[in-house]
Every structure is written in structure tokens, then in C-alpha cells.
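If you read the protein sequences in the order shown, they are chains A and B. Number 499 in the numbering used here belongs to position 499 of the first sequence; there are no gaps in the numbering. Number 172 in the numbering used here belongs to position 172 of the second sequence; there are no gaps in the numbering. Below you'll find the structure, written out as C-alpha cells, and then a few comments.
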Amino acid sequence: MNHDFWAVEKLTLTSQTPEGGFYAGRAKPGETVIEMRGITKRFPGVVANDDIDFDVKAGEIHALLGENGAGKTTLMNIMYGLLQPDEGEIYVRGRKVVMRSPKDAIALGIGMVHQHFMLVEPHTVTENVILGLKSPKGILLDLEGAKRRIEELSKKYGLKVDPDAKIWQLSVGERQRVEIIKALYRGAQILILDEPTAVLTPPEVKELMAIIRRMAEQGHAVVPFITHKLPEVMAISDRVTILRRGKVVARIRTKDARESELARHMVGREVLFTIEKNPAKPGRVVLEVRNLKALSDRGLPALKNVSFSIREGEILGVAGVAGNGQRELAEVIAGLRRAVAGRVLIDGRDVTNLPPREIIKQGLGHIPEDRMGMGLILDFSIAENAILETHSSPPFARGWFIDPQEVGKHAERLIKEFNIMAPSKDTLANHLSGGNLQRLILARELSREPKVLVANQPTRGLDVGATEFIRRKLLEQRDRGVAILLISEDLDEVMSMSDRIAVLYEGEIMGILPAEKAKVEEVGMMMAGARRQTEFEA
Amino acid sequence: MSLEVFLTGLIAAGFRIATPILLAALGETFAERSGILNLGIEGMMIMSAFTSFSVTYDTGNPTLGLLAGLITGGVMAFIHAFMSITIKVDQIVSGLALTILGLALSTFLFISYFKRTQPAVEIWEPTAIPVLSQIPIIGPALFQQHVITYFAIILFIVSTWFLFGTTWGLTIRTVGENPAAADTVGIRVERVRYLCTIFGGLMAGIAGAYLTLVVFNSFFGGMTAGRGWIAIAVVIFGRWTPSWVFGGALFFGLVDSFQLRLQASGIPISPQFSLMIPYLFTLIALIIVGRKRYAPAALCIPYRRGER
Numbered sequence: 001m002n003h004d005f006w007a008v009e010k011l012t013l014t015s016q017t018p019e020g021g022f023y024a025g026r027a028k029p030g031e032t033v034i035e036m037r038g039i040t041k042r043f044p045g046v047v048a049n050d051d052i053d054f055d056v057k058a059g060e061i062h063a064l065l066g067e068n069g070a071g072k073t074t075l076m077n078i079m080y081g082l083l084q085p086d087e088g089e090i091y092v093r094g095r096k097v098v099m100r101s102p103k104d105a106i107a108l109g110i111g112m113v114h115q116h117f118m119l120v121e122p123h124t125v126t127e128n129v130i131l132g133l134k135s136p137k138g139i140l141l142d143l144e145g146a147k148r149r150i151e152e153l154s155k156k157y158g159l160k161v162d163p164d165a166k167i168w169q170l171s172v173g174e175r176q177r178v179e180i181i182k183a184l185y186r187g188a189q190i191l192i193l194d195e196p197t198a199v200l201t202p203p204e205v206k207e208l209m210a211i212i213r214r215m216a217e218q219g220h221a222v223v224p225f226i227t228h229k230l231p232e233v234m235a236i237s238d239r240v241t242i243l244r245r246g247k248v249v250a251r252i253r254t255k256d257a258r259e260s261e262l263a264r265h266m267v268g269r270e271v272l273f274t275i276e277k278n279p280a281k282p283g284r285v286v287l288e289v290r291n292l293k294a295l296s297d298r299g300l301p302a303l304k305n306v307s308f309s310i311r312e313g314e315i316l317g318v319a320g321v322a323g324n325g326q327r328e329l330a331e332v333i334a335g336l337r338r339a340v341a342g343r344v345l346i347d348g349r350d351v352t353n354l355p356p357r358e359i360i361k362q363g364l365g366h367i368p369e370d371r372m373g374m375g376l377i378l379d380f381s382i383a384e385n386a387i388l389e390t391h392s393s394p395p396f397a398r399g400w401f402i403d404p405q406e407v408g409k410h411a412e413r414l415i416k417e418f419n420i421m422a423p424s425k426d427t428l429a430n431h432l433s434g435g436n437l438q439r440l441i442l443a444r445e446l447s448r449e450p451k452v453l454v455a456n457q458p459t460r461g462l463d464v465g466a467t468e469f470i471r472r473k474l475l476e477q478r479d480r481g482v483a484i485l486l487i488s489e490d491l492d493e494v495m496s497m498s499d500r501i502a503v504l505y506e507g508e509i510m511g512i513l514p515a516e517k518a519k520v521e522e523v524g525m526m527m528a529g530a531r532r533q534t535e536f537e538a
Numbered sequence: 001m002s003l004e005v006f007l008t009g010l011i012a013a014g015f016r017i018a019t020p021i022l023l024a025a026l027g028e029t030f031a032e033r034s035g036i037l038n039l040g041i042e043g044m045m046i047m048s049a050f051t052s053f054s055v056t057y058d059t060g061n062p063t064l065g066l067l068a069g070l071i072t073g074g075v076m077a078f079i080h081a082f083m084s085i086t087i088k089v090d091q092i093v094s095g096l097a098l099t100i101l102g103l104a105l106s107t108f109l110f111i112s113y114f115k116r117t118q119p120a121v122e123i124w125e126p127t128a129i130p131v132l133s134q135i136p137i138i139g140p141a142l143f144q145q146h147v148i149t150y151f152a153i154i155l156f157i158v159s160t161w162f163l164f165g166t167t168w169g170l171t172i173r174t175v176g177e178n179p180a181a182a183d184t185v186g187i188r189v190e191r192v193r194y195l196c197t198i199f200g201g202l203m204a205g206i207a208g209a210y211l212t213l214v215v216f217n218s219f220f221g222g223m224t225a226g227r228g229w230i231a232i233a234v235v236i237f238g239r240w241t242p243s244w245v246f247g248g249a250l251f252f253g254l255v256d257s258f259q260l261r262l263q264a265s266g267i268p269i270s271p272q273f274s275l276m277i278p279y280l281f282t283l284i285a286l287i288i289v290g291r292k293r294y295a296p297a298a299l300c301i302p303y304r305r306g307e308r
């Protein structure tokens with residue numbers, strides 16, 4: 001693969017490069033394309049990878065399963081040349097290789113789609129795809145030629161995407177396709193997919209599954225890394241390797257495996273997939289939203305006349321495909337976005353367009369969608385993050401001063417109560433895993449004993465253990481009488497957690513169903529805007 | 001005074017005044033596009049003005065003087081690059097430090113070297129372009145300029161093409177927007193940033209040399225008079241695109257040129273007020289145009305692999 005002037009120096013192979021380039025000729029189906037033997041990687045205090053063997057064959061989908069912190073990311077970074085192993089060897093098509101950087105991996109036909117997409121938002125799809133590659137026109141960009149190749153790839157693998165679109169205009173699913181094209185464009189034979197389904201909506205997941213299958217049929221080796229959404233792993237992969245605490249705990253042919261077995265290996269104990277839920281005892285109305293209208297960041301109508309109410313001890317789930325007004329709804333209620341019309345009432349008191357601090361005082365808790373950006377300050381410690389909203393009132397504040405002792409005690413209480421895995425209360429939020437970040441947000445919000453809790457994507461991207469914990473806590477709050485608005489793109493979550501389900505489509509509520517009567521098919525059709533139910537108020 | 005003479009003079013002087021600002025701003029555009037904010041421009045300009053003056057004074061060769069200015073700008077930019085890219089010091093602090101250092105050091109060196117005299121060098125004459133310079137109004141206004149002015153205009157055209165039409169330009173823009181994305185496809189983020197920052201320093205160096213060799217034919221303390229800052233403002237006004245930067249620099253040049261004519265016209269107006277006009281206009285233009293955010297997303301943020 002040709003790179004331009006800025007790129008890192010050339011790959012070193014420990015054996016001779018065969019004539020006609022290293023990757024001359026395609027691998028035959030079934031041929032082992034990459035093999036990792038005895039990979040060990042230590043970080044201060046932890047062995048992230050402990051003697052791991054892993055291999056993938058051409059045309060095979062070999063999923064790597066494990067909870068957060070199991071060592072998947074480390075292994076993947078080693079496979080992609082971002083990290084170098086302390087011990088162990090890597091063979092690509094039978095030849096021992098040493099990869100010093102991603103560029104070496106790319107040259108060996110290894111491509112990777114990161115969970116947090118590595119795309120430049122103001123640039124076009126084409127510009128993103130050809131980034132860092134030599135152009136056939138010398139130093140001039142060959143955008144037209146690149147566009148044609150992208151369209152070819154797009155057709156061959158069913159990766160629908162407009163090469164001229166700017167990245168910021170694309171949905172999450174489309175961005176992922178751009179990342180896949182980016183890897184294929186560089187001639188990737190081995191594709192590493194980091195949590196490919198974590199951010200996708202159900203229809204997008206289906207489409208991705210089809211794309212992955214097509215890639216395998218074309219002879220690519222595909223390695224998806226997965227922490228949750230086990231059914232999809234079952235449906236698509238040929239083999240599964242499960243990691244726990246840096247070690248391989250199981251290697252399973254998917255045909256022979258059951259979902260519960262995978263989960264047990266992953267977590268190290270039995271996992272309950274059904275949520276135990278007490279019957280709801282709804283009281284008086286706590287949160288009321290009337291004819292709410294709001295604009296999106298681009299100034300377009302995002303919420304059109306949204307009305308609903310939630311009672312004490314009740315969970316209203318909001319289902320919908322991403323970008324149909326969910327974020328705007330949560331933000332308007334929390335006072336982070338202006339309502340252009342309509343009312344939001346908490347306990348009968350009008351809180352529309354009040355400053356967030358006032359709304360918090362009225363009893364609102366908010367778990368925002370973006371836990372790193374909006375939910376926490378990553379450069380602050382756990383203790384500081386835990387008092388973000390309450391730092392100016394007693395017991396944390398004494399006059400103008402903050403009482404560090406009270407703050408510390410509070411943080412230690414939360415760490416214990418919410419099982420936050422951290423060395424101390426002074427650990428920076430930056431050093432916490434996704435699951436622990438979410439536990440911290442939840443801990444902070446619940447410690448204020450809110451009357452209303454808005455939870456936007458509370459379990460997105462979390463592993464099985466953390467997801468289970470968060471859901472249990474939410475149900476606990478509901479039983480304590482909190483009114484909960486649960487916004488989630490995970491339809492299973494909405495279906496299993498909610499007492500009533502509202503479906504958002506293009507900023508409108510297509511209908512509100514009692515959860516026990518709702519069928520997946522019906523909700524799915526409403527998510528596509530197909531059918532409008534008559535308003536149902538339980 | 002006929003309108004023709006007035007216009008010719010206005011435009012010619014406008015370009016003359018815009019030249020150092022355009023050069024420094026184009027250089028800064030590259031640096032900022034790669035993610036490095038260089039607030040040391042003012043200091044680099046004045047240090048280069050000093051070195052190019054001294055070298056020209058000693059050797060009598062303005063080309064050597066220009067070279068000295070170029071090297072001075074490059075070396076200072078290298079210091080800024082080292083501070084902000086390798087050591088990852090706050091870019092604002094590093095840039096401000098270089099500006100303060102440059103302003104003070106240049107005056108100090110000038111006084112210790114030349115005592116209290118006010119030496120001058122011969123002015124570096126403009127070069128008329130044959131045929132084109134004969135066109136009425138435009139000819140004398142545009143084509144009887146100094147070589148460095150022609151260079152600045154060519155640089156603006158080449159920069160547009162380079163940033164938006166070449167693979168290297170795409171690389172630079174990506175490094176300034178999302179360095180992690182560049183890193184994962186094998187681009188060396190730090191190298192790109194170093195080169196862009198040093199290029200910015202070289203251009204500031206030429207700008208400083210131009211001031212002593214072409215405009216003032218002398219050196220005096222604080223002679224850059226905020227031109228480095230105006231260059232930075234012009235980059236923001238210019239939304240980090242060379243063509244808008246060109247427009248912004250020329251706008252400043254024309255307003256300043258007009259203001260000079262206003263002073264000379266004998267209209268009773270305080271010269272202090274008159275001198276303020278171009279800066280005031282820059283500020284107003286910045287408020288009008290600079291409201292929306294166009295800045296490179298990774299501007300001022302050091303890149304560390306694997307950081308959220």
C-alpha cells in the first residue's frame with residue numbers, strides 16, 4: 001500500500017518479502033490469515049492480555065467476546081499495530097510479522113473500524129476514505145477516481161453511502177459504512193470491528209449483519225469485538241472466543257453454543273436475561289409535557305407537538321430510531337434546550353425554559369446521552385463529579401467554601417453503594433471505564449432523590465454486568481415512586497423496562513401503548529412512522 | 001489631485017501595507033489548520049525585522065537580510081513547535097511568551113548593537129512588471145510592487161490549491177480536525193504539525209524582513225505595531241481559508257492606506273483617531289464575520305495517542 005510523505009517509515013518483516021508484494025494473491029477460503037500465539041501484554045498493575053492464542057481464517061467470522069476490561073481492546077490494538085506485545089508472536093498468512101504502527105497493519109491487509117469513528121466531520125466521505133493514501137495523480141487529489149472506486153466497493157458489498165456527503169450529515173449507521181469502506185479501500189483482508197452494533201438501531205444492525213456476511217463470502221476474515229447484544233453474535237459468527245480478565249476462557253463453535261452459555265463464560269456467573277419487575281403502582285402525575293415544540297441544532301423542527309405525562313412509580317419508555325427527537329426531548333425537559341412552544345410541568349409547577357439549576361431544584365434527575373461530554377467532567381475526580389449539581393448547597397458548601405470532608409464522605413458512600421470500580425474517590429473520571437462512568441452519573445443523580453428521572457440511553461455501550469446493574473437501579477427507583485422517562489434506541493430495553501411505551505417518529509409521538517399489550521412488530525412499525533395509535537392514557 | 005491618481009495611490013499602498021499581514025496570516029493559516037495556534041507571530045515578525053535589518057546594514061545585501069529574517073522566524077517557530085507539540089505546553093502561553101520575548105529582545109539587541117544612533121539601510125526598490133505595469137490605474141497600483149508583494153499574492157493562490165487540491169493539504173486539514181483519525185491511517189501527526197508551524201514562522205520572518213527592508217528602511221522598537229496580531233485576526237476573519245485571508249489582509253491594507261491619505265488631506269481629524277481606524281475596522285469585521293465557528297476542531301489541543 002502506498003502512503004504519502006507524512007506517513008511513518010516502512011514495515012519491517014522478520015522474513016523475506018515474497019516477490020510480487022507481501023499480499024500477492026488472495027487467501028483461499030479456510031486458510032488461516034492471521035494467527036496470534038501466546039500474546040501477553042502488561043500495563044502497570046495489570047496483565048491486560050495473558051498468553052492469548054487467537055486465529056482467523058479467510059471467509060470466517062470469528063467474534064471476540066468479553067466484558068469491559070477483559071482485554072479485548074488491548075488485543076485488538078496489538079492486532080492493529082497500535083500496541084506492541086510484551087510476549088508472543090503474530091503470523092500473517094503463515095509469516096511472522098512485527099507491526100510497529102497501524103500503517104504496518106494496513107500494509108498487511110488488516111483494517112479496523114473503531115467504535116468511536118475516526119472520521120473528520122467537516123470533510124466529505126471521499127476525502128475521509130482517501131486520507132493518507134498516495135494519489136495516482138501524484139500530489140494532486142484524485143477525488144473523481146476515488147469516488148468511482150468507492151461506488152464500486154459500495155455496490156459490491158451493499159454499503160450504501162453518498163461519496164459527496166459531508167460526514168456530519170450522516171447517521172451513525174452511515175458513518176460506520178464509511179469506516180468499513182475506508183478499510184476495504186486500503187485492501188483490508190482482515191477486518192476488525194470494534195463494538196460494531198453498540199451504536200446502531202435495530203434496522204441498522206440487520207443491515208450491518210448482511211454486510212458482514214457479504215464480506216465473509218468475498219473471502220474476508222471478519223473479527224467483531226463485542227461486549228453485549230449476544231443474539232447478534234450468535235446469529236452471525238462461525239466461532240467465538242471469550243476473554244475474561246485477560247485470559248481466554250472459552251473457544252466455541254457458534255453452532256453448538258447457547259446464548260446463556262456465552263454470557264456465563266463472559267461474566268463468570270449466570271446472567272438473567274429477563275428482568276424481574278414488580279407490578280407498577282402509579283400514583284399522581286409528576287411530569288407533564290404539553291404540546292412541546294423545539295428545534296434541532298440545525299434550526300429544524302425536532303419536536304412537533306409532543307404531549308405525555310408520567311406518574312409516580314412509572315416508567316414511560318420512548319422508542320424510536322436515533323435522531324427522531326429523543327435527544328431534543330431530554331434536553332428540553334432538563335432545560336438545556338429552549339422549548340419554542342408548549343409546557344413542561346413538574347409536580348404541577350411550570351418549569352419550561354427555566355435554567356437547569358432551577359429545574360434540578362424542582363426534582364429532576366438527568367442521565368444524558370453523552371456521558372463523557374455532558375454527563376461528567378473527565379478531568380475532575382470522582383468526588384468532584386459527584387457534587388457537580390449540589391456543590392453550592394449544604395452539606396457540601398459552607399458559605400462560599402466547599403467542605404472537602406463532606407464531599408469525600410459523600411463520594412465514598414456513592415462508590416460503595418454503586419460498586420464503582422476505582423482506586424479512590426480522587427481518581428479522575430478520565431480513568432474510569434464506560435460502565436463505571438455511567439454508575440457515577442447514576443449515583444450522582446439518584447443521590448439527590450429526584451422526583452423525575454430522565455434517562456437517555458442509560459445502558460448504551462455497556463457490558464452485561466453494568467447494564468444489569470443500571471436497569472436494576474432504575475426499577476428500584478420506580479418502585480420508590482420516581483417517575484422515569486426512559487429514552488432508548490435498544491428496543492428490547494424499552495419493551496422490558498417500561499410500563500408504557502411512547503414511539504417517537506420525526507419529532508411526533510406516534511402513540512402510547514401499555515407495555516404488557518405492546519408487540520414488537522407493532523412498535524417496530526410505529527418506529528417507521530407507519531401507523532398512528534389513538535392516544536391511550538393508562 | 002485627480003481621482004485616477006488617488007485610486008492608484010490608494011490601491012498601491014493598500015497592497016504594500018497588506019503584504020506583511022498577508023504573509024504572516026497565510027503562514028498562520030497553515031499552522032492553525034494543523035492544530036497549532038501561534039500567538040508568537042508578533043514576536044517572530046519583530047525579531048526577524050531586527051535580524052534582517054542588522055544583516056543588511058552590515059553586508060549591504062538585502063537578499064542576505066531577507067534570509068536572516070527567514071531563518072529567525074523559522075527558529076522561533078521551531079521553539080514554539082517544540083514547546084506545544086513535543087512538550088505539550090499550553091500553546092497560548094508559549095506563543096505569548098515568544099511575542100513578549102521578541103518585542104523586548106529585539107529592542108534590547110538593537111540598542112546594545114547600534115547604541116543610540118538611528119541607522120538606515122537603502123530601501124529595496126520595487127520591480128515593475130513589463131507591459132502589465134503600463135495599464136492605467138491597475139498597472140501602477142498592482143504591477144509596480146516589490147518582489148515580496150508578488151510572492152505574497154502567488155503564495156495565496158498556491159496555498160488555496162495546496163490546502164484543497166492536494167493529498168498533503170487534505171492531510172494537514174485532517175490533522176487539525178481529528179488527529180486520531182490521521183494517526184489510525186498512519187499519518188505522523190506531530191511531523192505535520194511541526195512542518196506547518198515552522199512554515200508559519202518562515203512567513204512571519206519574511207513579513208518582518210519586509211517591514212525593515214521595504215517599508216521603513218530602518219529598525220525601531222515595537223515597529224510591528226500589532227501587525228502580527230492583525231494577522232491572527234485576519235486568519236479568524238478569513239475562516240482559515242487562504243482566499244478569505246487574502247481578502248481580510250487587503251481590506252486592512254486599503255483601510256490603512258485610506259487613513260493615511262485622510263491624514264495627509266489636511267481634513268482636521270486627530271491623527272491618533274485616524275491611526276486607529278484600520279484596527280477598529282478589523283475589530284468590527286471580526287465581530288460580523290467571526291461569529292460562526294469555522295475553527296479547526298483540534299486547534300490548541302495537543303495530540304496524545306489513546307486519549308478520549
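The C-beta atom is built at its ideal place from N, Cα and C for all residues, glycine as well.
- Rounded to whole angstroms, Gly-363/A and Pro-450/A show a C-alpha spacing of 5 Å.
- Under DSSP, Pro-301/A takes part in a beta bridge, and its partners are Leu-295/A.
- Considering only beta carbons, the part of the region 124–150 of chain A lying closer than 8 Å to chain B consists of Glu-127, Asn-128, Ile-130, Leu-131, Gly-132, Leu-133, Lys-134, Ser-135, Ile-139, Leu-140 and Leu-141, in chain order.
- Against chain B, the CB of Ile-106/A has a partner CB under 9 Å away; the residue lies at that interface.
- Per DSSP, Thr-32/A is one residue of the beta strand (DSSP E) stretching across 32–43.
- Looking only at Leu-39/B, Ser-106/B, Ile-17/B and Asn-61/B, the smallest Cα-Cα distance to Asp-90/B is reached by Leu-39/B.
- Against Val-120/A, the close residues of chain B are Thr-174, Glu-177, Asn-178 and Ala-181, in the order they occur along the chain (beta-carbon pairs closer than 7 Å).
- Chain A has no Cβ within less than 9 Å of the Cβ of Leu-155/B.
- CA-to-CA, the gap between Gly-507/A and Ala-330/A works out to about 12 Å.
- Any Cβ of chain A closer than 9 Å to the Cβ of Thr-166/B would place that residue at the interface, and such an atom is present.
- Residue burial is scored here from C-beta neighbours: Pro-136/A has fewer than 16 other C-beta atoms within 10 angstroms and is therefore classed as exposed.
- About 11 Å separates the beta carbons of Leu-64/A and Thr-74/A, which is beyond the 8 Å limit, so they are not a contact pair.
- Fewer than three beta-carbon pairs drawn from the region 129–138 of chain B and the region 65–81 of chain B are found closer than 8 Å, and the two stretches are therefore not classed as touching.
- Look at Ile-110/A here: in three-state DSSP terms it is strand.
- Taking a 10 Å sphere around the C-beta of Ser-101/A, we find 16 or more other C-beta atoms and assign the residue as buried.
- Think of a sphere of 8 Å around the beta carbon of Pro-102/A: the chain B residues whose beta carbon falls inside it are Asp-183, Thr-184, Val-185 and Gly-186, in chain order.
- Its chain contains Ser-381 and Ile-382 as the residues whose beta carbon lies nearer than 7 Å to that of Thr-427/A, once the 5 sequence neighbours on both sides are disregarded; these appear in chain order.
- Taking CB atoms only, Leu-109/B has no neighbour in chain A less than 9 Å away.
- Secondary structure of Val-321/A (DSSP, three-state): coil.
- DSSP places Lys-137/A in no alpha helix (DSSP H); its state is neither H nor E.
- Setting aside the 5 residues that flank it on each side, Leu-378/A is surrounded in the same chain by Met-372, Leu-428, Ala-429 and Asn-430, each with a C-beta closer than 8 Å to its C-beta; the list follows chain order.
- Put simply, the region 28–43 of chain B does not touch the region 264–275 of chain B. Fewer than three CB pairs are less than 8 Å apart.
- Using a Cβ-Cβ cut-off of 9 Å, Ala-81/B does not count as an interface residue toward chain A, since no Cβ of chain A sits closer than that to its own.
- Residue contact with chain A for Leu-39/B: absent (no Cβ-Cβ distance below 9 Å to any residue of chain A).
- Chain order gives no chain B residues near His-431/A, where near means a beta carbon separation below 8 Å; the closest approach is about 10 Å.
- For Ile-287/B, the closest of Thr-86/B, Phe-251/B and Phe-237/B by C-alpha to C-alpha distance is Phe-237/B.
- Shown here for Trp-240/B: same chain residues with a beta carbon closer than 8 Å to its own, the five before and five after excluded, namely Thr-29, Glu-32, Arg-33, Tyr-294, Ala-295 and Pro-296 in chain order.
- Shown here for Ala-411/A: same chain residues with a beta carbon closer than 7 Å to its own, the five before and five after excluded, namely Ile-382, Ala-383, Ala-386 and Lys-425 in chain order.
- Look at the region 381–435 of chain A and you find these whole runs of alpha helix (DSSP H), each 4 residues long or longer: 382–386 and 404–417.
- In the displayed model, Asp-379/A falls within coil according to three-state DSSP, outside both helix and strand.
- Uninterrupted beta strand (DSSP E) stretches at least 3 residues long and entirely within the region 207–264 of chain A occur at 221–226, 239–244 and 247–253, given in chain order.
- As far as DSSP is concerned, His-123/A takes part in no beta bridge.
- Comparing C-alpha distances from Arg-290/A to each of Pro-282/A, Ser-296/A and Ser-309/A shows the shortest one belongs to Ser-309/A.
- Counted as a single uninterrupted DSSP element, the stretch harbouring Asp-58/B is not any beta strand (DSSP E) but the alpha helix (DSSP H) occupying residues 41–59.
- Under the three-state reduction of DSSP, Asn-77/A is assigned to helix.
- Burial is judged here by how many other beta carbons sit within 10 angstroms of a residue's own beta carbon; Trp-400/A has fewer than 16 and is exposed.
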